Ligand SMILES: [Cu+2]
């Protein structure tokens, strides 16, 4: 019984902690379809969460940020998404790991 109360308390705590974040963070979706990011170029404010959504029927993709500090997302399968919070201004160019011909760009401003 005590475990159940603790679980409820933890869930309630998470809910309250998550609310302000969700209200504050702007979120923008980028679709992935026909081997293209849509939109491929995007301007957002610092603090924006960009979410890539794979709308393909059978192809998986990734988001690969070039340059120093660059990294690649996990493979995003059809119906899945992956997101990143942009908390610093700058220009972020990216490609798709398995399909380097796919290109995208995000400009983050104050
Ligand atoms: Cu791809």
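Residue numbers (our numbering): 26 to 135.
Even glycine gets a Cβ: it sits at the ideal position worked out from N, Cα and C.
Nothing here was measured: the structure is a model prediction, and the numbers come from that model.
beta-carbon residue i near ligand 1 non-hydrogen atom, thresh 7 Å
i           : result
residue 123 : yes
residue 62  : no
Sheet register partners of residue i (DSSP bridge)
i           : result
residue 52  : 74
residue 129 : 119
residue 89  : 97 and 120
residue 134 : 70
residue 111 : 73
residue 58  : 61
Contacts around residue i, its chain only, beta-carbon distance under 7 Å, and the 5 residues preceding and following it disregarded
i           : result
residue 107 : 77, 88, 98, 99 and 101
residue 112 : 71 and 72
residue 90  : 96, 117 and 119
residue 105 : 79
Among the options, nearest to residue i - alpha-carbon criterion
i           : options               : result
residue 65  : 71, 72 and 54         : 54
residue 116 : 52, 71 and 56         : 71
residue 174 : 67, 118, 109 and 130  : There is no way to answer for residue 174, as the model of the chain reaches only from 26 to 135.
residue 80  : 90, 96 and 56         : 56
residue 61  : 114, 133, 124 and 104 : 124
residue 122 : 63, 103 and 86        : 86
Close Cβ partners of residue i (< 8 Å) along its chain, the five nearest in sequence each way excluded
i          : result
residue 50 : 72, 73, 74 and 110
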